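**Q** So for the sequence shown, my numbering puts the first residue at 27; every next one is plus one. Ideal Cβ placement from N, Cα and C applies to all residues, glycine included. All values derive from a computational prediction rather than experimental measurement. Just passing along the structure, written as structure tokens.
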Amino acid sequence: MSIIKNLEKDLKQIIQNAGYEVEKLALEPSNRRDLGEYQLNDAMQLVKIYHQNPREIAEKIVTELEKDDRFEKINIAGPGFINFSLSEKYTYDFLNQMNQDIFTNIDKKEPKKIVIDYGGANVAKALHVGHLRSANIGEALKRLAKLLGYEVIGDAHLGDYGRPLGLVMKEIKDRYPNLPYFDENYEGDYSEVDFEITNEDLEEIYPLASNKSKEDEAYLEEARVITTKFQDGEKGYYELWKKIVDVSKAEIKKIYDKLNVSFEIWNGESDEMAYFDPLIQMYEEKGLLVESEGAKVIEVAKEDDTYTVPPLLMIKSNGSKSYDSTDLAAILERKENFNPDEIWYVVDGRQSLHFEQVFRAARLIDLIDEDVVLEHIGFGTMNGKDGKPFKTRDGGVMSLESLMELVNQETLKRINNDSVPEEEKEEISKIVGMAALKYADFLPFRNTDYIFEVEKFADLEGKTGPYLLYSTIRMKSLLNKAGETTSQEITKFKGENEKNIALTLLDLPMVLSRSLESKSLNEIAEYLYKLTSQYNSFYAENKIITEEDTALRDSWILLTNLVYQVNTMLLDVLGIKVPNKM
Ligand code: ARG
């Protein structure tokens with residue numbers, strides 16, 4: 027159990043010794059630090075239950091508190107608010123306890139198995155800014171959930187099954203009509219077909235085909251037909267599809283690598299298709315699949331809906347499978363393969379209606395046990411300075427790679443450390459650039475839109491990734507310079523700064539658990555900034571390495587080590603790498 031939870035438990039006991047029973051007690055640092063580091067408001071709540079005057083209750087509790095040497099500066103403010111601080115000795119004690127193993131100061135959750143669907147890159151199309159947020163948030167939530175004791179399976183759920191693939195194949199067919207893929211009578215071995223396609227080709231072909239389809243109805247129609255053909259497994263198209271998917275997937279993996287994002291499962295929407303027929307049958311048996319303008323749909327609207335929830339599109343009028351149905355099939359697949367307690371979908375908030383439809387349809391037939399939680403974890407958009415979703419200069423969608431490059435260039439300008447060889451600067455700027463981008467993405471609550479301001483994100487000062495990295499590296503270098511301490515115990519402090527750091531360290535488990543509850547990383551991002559700034563104030567005020575009082579020097583170094591450990595642990599949760607220097 028974390029130190030703070032233990033303390034809360036003991037405080038409950040202390041209140042009980044005073045003759046009162048409180049159900050829940052949560053210690054929150056006081057915002058009136060002049061009165062005490064913590065405030066207990068419980069006396070006020072007890073008034074209603076015990077029909078006693080708040081002051082009287084507070085006094086009884088204070089008498090008990092005073093018997094415990096962990097507390098000091100105990101006082102009653104106003105009608106009955108109890109303020110107190112943690113004693114010096116106790117502060118050293120709990121810091122030393124943390125220093126044994128910071129992971130013991132984390133409250134684990136009841137074990138659960140969770141599938142997280144995040145990433146969602148689309149094959150044959152460049153990744154864009156929207157994919158950045160899904161990857162960042164999904165990866166960090168996965169790491170956080172693992173840290174707190176869940177079993178987590180991350181699934182990339184690549185978009186490899188829809189019309190974009192049909193469009194790409196239509197264009198290839200127009201360019202090379204004689205390829206065996208398009209010959210129904212071809213009997214040979216497809217692996218011997220002399221046709222290579224690269225990711226650069228795909229980057230050129232998809233946007234072109236997509237534009238053509240907007241102007242040319244016949245072109246679009248053929249792309250639709252081709253989509254249905256490869257979905258139905260027609261040999262030639264299927265083989266070509268596989269070739270495209272392989273090339274594109276390799277490229278997608280490279281980008282996720284750069285983002286420090288990895289998946290346990292690299293499924294694509296196509297992997298869900300084996301579940302499609304049983305799925306159709308299940309809905310058909312219950313009479314829930316209805317015809318609508320040539321398509322097959324499931325009605326999911328409810329009588330008391332306050333907004334319109336349109337029917338879920340199961341099979342399109344041209345026979346091809348829909349995005350909606352793919353997500354339903356994926357529920358069946360995940361149930362069979364993992365039997366999870368929860369499935370989380372880290373997907374753009376603008377898809378919330380889609381998930382509402384899918385979840386309702388799933389509940390209509392108990393597609394998955396009703397106690398399995400299905401949750402859409404939406405997020406806001408990253409906007410340009412105009413407040414609209416971030417675009418390239420000419421108004422197009424910015425590819426994720428260009429965006430990353432833009433940030434790396436900005437961080438490169440700021441690496442002015444002479445001890446870093448020129449040739450290493452570029453590599454380092456990539457790590458720092460990712461930190462800049464990721465940290466800025468985590469700072470706002472996940473549903474909030476934010477503005478892409480590259481100079482601000484890359485700044486070495488202020489609430490930024492580079493500031494955190496710079497400070498963390500400086501802690502490490504101090505630790506290296508300091509070498510072994512004489513003692514392994516914190517026994518002495520000098521100023522207020524050290525206590526501030528200690529109290530912030532005490533908060534860590536609460537921050538982690540609240541962050542997991544809200545499924546937003548903003549609290550962790552803020553916490554990192556707070557702890558780092560507090561440390562930096564302390565660092566600026568003291569000459570740690572040359573301090574002559576050994577007990578004080580040791581204590582300071584051990585405290586530095588604690589902050590360093592917490593920082594690296596939290597940066598790792600956020601999927602942010604720390605370079606050796608910058
Ligand atoms: N490929 C989709 C897109 O780019 C995102 C997929 C999200 N995940 C899901 N299970 N629907 O918009």
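(1) Heavy atom of the ligand ARG less than 7 Å from the Cβ of Val373, yes or no?
(2) Within its chain, find whatever has a CB closer than 6 Å to the CB of Ser111; leave out the 5 residues flanking it on each side and keep chain order.
(3) Which class does His157 belong to by DSSP, given the choice of helix, strand or coil?
(4) Taking the continuous beta strand (DSSP E) assigned at Trp370, which residues delimit it?
(5) Going by DSSP in three states, Val73 sits in which element: helix, strand or coil?
(6) Closer than 7 Å to a non-hydrogen atom of the ligand ARG - does that hold for the CB of Gly180?
(7) The beta strand (DSSP E) spanning Lys328 covers which residue range?
(8) Could you tell me how far apart the beta carbons of Lys196 and Ala150 are, in whole angstroms, since I believe they sit closer than 8 Å?
(9) Can you tell me whether DSSP reads Glu197 as helix, strand or coil?
(10) Just to confirm my understanding: we take Arg96, look at its own chain, exclude 5 residues before and 5 after, and list those with CB closer than 7 Å. What are they?
(11) Cutting at 8 Å between CB atoms, please list the residues of its own chain near Leu170, excluding the five before and the five after it.
(12) Just checking my contact of His183 with Asn293 at CB under 8 Å: how many whole Å lie between their CB atoms?
(13) To the nearest angstrom, how far is it from the Cα of Ala461 to the Cα of Ser455?
(14) Hey, could you find the ends of the beta strand (DSSP E) Gln321 is sitting in?
(15) Shorter than 7 Å, the distance from the beta carbon of Asn162 to the closest heavy atom of the ligand ARG, or not?
(16) Please name the residue, chosen from Glu452, Pro366, Ile223 and Leu379, that lies closest to Thr332 on a Cα-to-Cα basis.
(17) Which residues does DSSP list as the beta-bridge partners of His402?
(18) Can you list the alpha helix (DSSP H) stretches of 4 or more residues lying completely in the region 430-513, in chain order?
(19) At which residues does the alpha helix (DSSP H) containing Asp395 begin and terminate?
(20) Within 10 angstroms of its Cβ, does Ile140 collect 16 or more other Cβ (buried), or is it exposed?
(21) May I have the straight-line CA-CA distance separating Glu241 from Pro190, to the nearest angstrom?
(22) Can you tell me the Cα-Cα spacing of Ala327 and Val316, whole angstroms?
(23) Since Gly601 and Asn162 are thought to touch, with beta carbons under 8 Å apart, how far apart are those beta carbons, to the nearest angstrom?
(24) Determine the contact status of Leu339 and Leu393, defining contact as a CB-CB distance below 8 Å.
(25) For the candidate residues Ala276, Glu165, Tyr232 and Lys451, whose alpha-carbon lies nearest to that of Gly192?
(26) Do you know how far the Cα of Ala152 is from the Cα of Met408?
(27) Between which residues of its own chain and Tyr301 is the CB-CB distance below 6 Å, once the five residues before and five after are set aside?
(28) State the beta-bridge partners of Glu364 as determined by DSSP.
(29) Have a look at Met124 and Leu588 and give me their C-alpha separation to the nearest angstrom.
(30) Report all residues from its chain with a CB closer than 8 Å to the CB of Glu54; omit the five preceding and five following residues, and keep chain order.
(31) Just the Cα atoms here: how many angstroms apart are Glu319 and Asn434?
(32) Assuming Pro137 and Gly180 form a contact by the criterion Cβ under 8 Å, report the distance between their Cβ atoms to the nearest whole angstrom.
(33) Using 8 Å as the threshold, is the C-beta distance between Val373 and Gly404 below it?
(34) Could you check what DSSP says for Lys284 in three-state terms: helix, strand or coil?
(35) Please state whether DSSP places Lys99 in a helix, a strand or coil.
(36) I believe Leu505 touches Tyr590 by the beta-carbon criterion, under 8 Å. Please report the beta-carbon distance rounded to the nearest angstrom.
**A** In terms of the structure at hand:
(1) One-based indexing of the sequence shown puts residue 373 at position 347. At least one heavy atom of the ligand ARG is nearer than 7 Å to the Cβ of Val373, so yes.
(2) Translated into positions along the sequence shown, residue 111 becomes position 85. Excluding sequence neighbours, Ser111 sits near Gly62, Glu63, Glu98 and Lys99.
(3) As a position in the sequence shown, residue 157 is number 131, starting the count at 1. Residue state, collapsed to three classes: helix.
(4) Sequence index remark: in the sequence shown, residue 370 carries index 344 (1-based). Segment Glu368 to Val372, the beta strand (DSSP E) holding Trp370.
(5) Residue mapping note: residue 73 aligns to position 47 of the sequence shown, counting from 1. The answer is helix: DSSP assigns Val73 an H, G or I state.
(6) As a position in the sequence shown, residue 180 is number 154, starting the count at 1. No; taking the cut-off as 7 Å, the Cβ of Gly180 has no heavy atom of the ligand ARG nearer than that.
(7) One-based indexing of the sequence shown puts residue 328 at position 302. Here Lys328 belongs to no beta strand (DSSP E), and DSSP marks it neither H nor E.
(8) Counting from 1 along the sequence shown, the entry for residue 196 is found at position 170. Counting from 1 along the sequence shown, the entry for residue 150 is found at position 124. Between Ala150 and Lys196 the Cβ distance is about 12 Å, and since that is not below 8 Å, they are no contact.
(9) Position 171 of the sequence shown, counted from the start, is the residue given in the question as residue 197. Correct three-state label for Glu197: helix.
(10) Within the sequence shown, the letter at position 70 stands for residue 96. The answer, listed in chain order, is Leu112, Ser113 and Tyr116.
(11) On the sequence shown, residue 170 is found 144 positions in, with the first residue counted as 1. Contacts found: Leu538, Ser541, Leu542, Leu547, Ile550 and Val599.
(12) Here residue 183 refers to the residue found at position 157 of the sequence shown. Here residue 293 refers to the residue found at position 267 of the sequence shown. Right, the Cβ-Cβ distance comes to about 6 Å (below 8 Å), so this counts as a contact.
(13) Here the question's residue 461 lines up with position 435 in the sequence shown. Here the question's residue 455 lines up with position 429 in the sequence shown. Cα to Cα, the separation comes out at about 10 Å.
(14) In the sequence shown, counting from the first residue as 1, residue 321 sits at position 295. A small fix is needed here, since residue 321 is Ala in this sequence, not Gln. Where Ala321 is concerned, the enclosing beta strand (DSSP E) stretches over Ala321 to Ile324.
(15) For this step, residue 162 is matched to residue 136 along the sequence shown. Because no heavy atom of the ligand ARG lies under 7 Å away, the Cβ of Asn162 does not count as near it: no.
(16) Reading the sequence shown from its first residue, position 306 is the one you call residue 332. Of the candidates Glu452, Pro366, Ile223 and Leu379, the one whose C-alpha sits nearest the C-alpha of Thr332 is Leu379.
(17) Here residue 402 is taken as the residue at index 376 of the sequence shown, counted from 1. Beta-bridge pairing links His402 to Tyr371.
(18) 448-468, 480-484 and 491-508
(19) Position 369 of the sequence shown, counted from the start, is the residue given in the question as residue 395. Per DSSP, Asp395 belongs to no alpha helix (DSSP H) and is neither H nor E.
(20) Here the question's residue 140 lines up with position 114 in the sequence shown. When all chains shown are included, Ile140 counts as buried.
(21) For the purposes of this step, residue 241 is identified with residue 215 of the sequence shown, where counting begins at 1. For the purposes of this step, residue 190 is identified with residue 164 of the sequence shown, where counting begins at 1. Computed Cα separation, rounded: 16 Å.
(22) Along the sequence shown, read from residue 1 onward, the residue named residue 327 stands at position 301. Along the sequence shown, read from residue 1 onward, the residue named residue 316 stands at position 290. Straight-line Cα distance between these residues: approximately 14 Å.
(23) Along the sequence shown, read from residue 1 onward, the residue named residue 601 stands at position 575. Along the sequence shown, read from residue 1 onward, the residue named residue 162 stands at position 136. Rounded, the Cβ-Cβ distance is 7 Å, consistent with contact.
(24) Locating residue 339 in the sequence shown gives position 313, counting from the first residue. Locating residue 393 in the sequence shown gives position 367, counting from the first residue. The answer is no: Cβ separation not under 8 Å.
(25) The count along the sequence shown starts at 1 and reaches residue 192 at position 166. Of the candidates Ala276, Glu165, Tyr232 and Lys451, the one whose C-alpha sits nearest the C-alpha of Gly192 is Tyr232.
(26) Looking up residue 408 in the sequence shown gives position 382. Looking up residue 152 in the sequence shown gives position 126. Spanning the two alpha carbons is a distance of roughly 17 Å.
(27) On the sequence shown, residue 301 is found 275 positions in, with the first residue counted as 1. If we look at Tyr301 and ignore the five residues flanking it on each side, its Cβ neighbours are Ala355, Leu358 and Glu359.
(28) The residue labelled residue 364 in the question sits at position 338 within the sequence shown. A small correction: the amino acid at residue 364 is Phe; Glu does not occupy that position in the sequence shown. None, per the DSSP bridge assignment.
(29) Residue mapping note: residue 124 aligns to position 98 of the sequence shown, counting from 1. Residue mapping note: residue 588 aligns to position 562 of the sequence shown, counting from 1. Whole-angstrom Cα-Cα distance: 8 Å.
(30) One-based indexing of the sequence shown puts residue 54 at position 28. Cβ within range, chain order: Tyr64 and Gln65.
(31) On the sequence shown, position 293 is the one that residue 319 refers to. On the sequence shown, position 408 is the one that residue 434 refers to. Going from the Cα of Glu319 to the Cα of Asn434 covers about 50 Å.
(32) Walking along the sequence shown from the start, residue 137 turns up at place 111. Walking along the sequence shown from the start, residue 180 turns up at place 154. About 17 Å; that fails the 8 Å criterion.
(33) Walking along the sequence shown from the start, residue 373 turns up at place 347. Walking along the sequence shown from the start, residue 404 turns up at place 378. Yes.
(34) The sequence position of residue 284 within the sequence shown is 258, counting from 1. Lys284 falls in the helix class under three-state DSSP.
(35) Translated into positions along the sequence shown, residue 99 becomes position 73. If DSSP states are grouped into helix, strand and coil, Lys99 belongs with the strands.
(36) Here residue 505 refers to the residue found at position 479 of the sequence shown. Here residue 590 refers to the residue found at position 564 of the sequence shown. With 8 Å as the limit, Leu505 and Tyr590 qualify as a contact, their Cβ atoms being about 6 Å apart.
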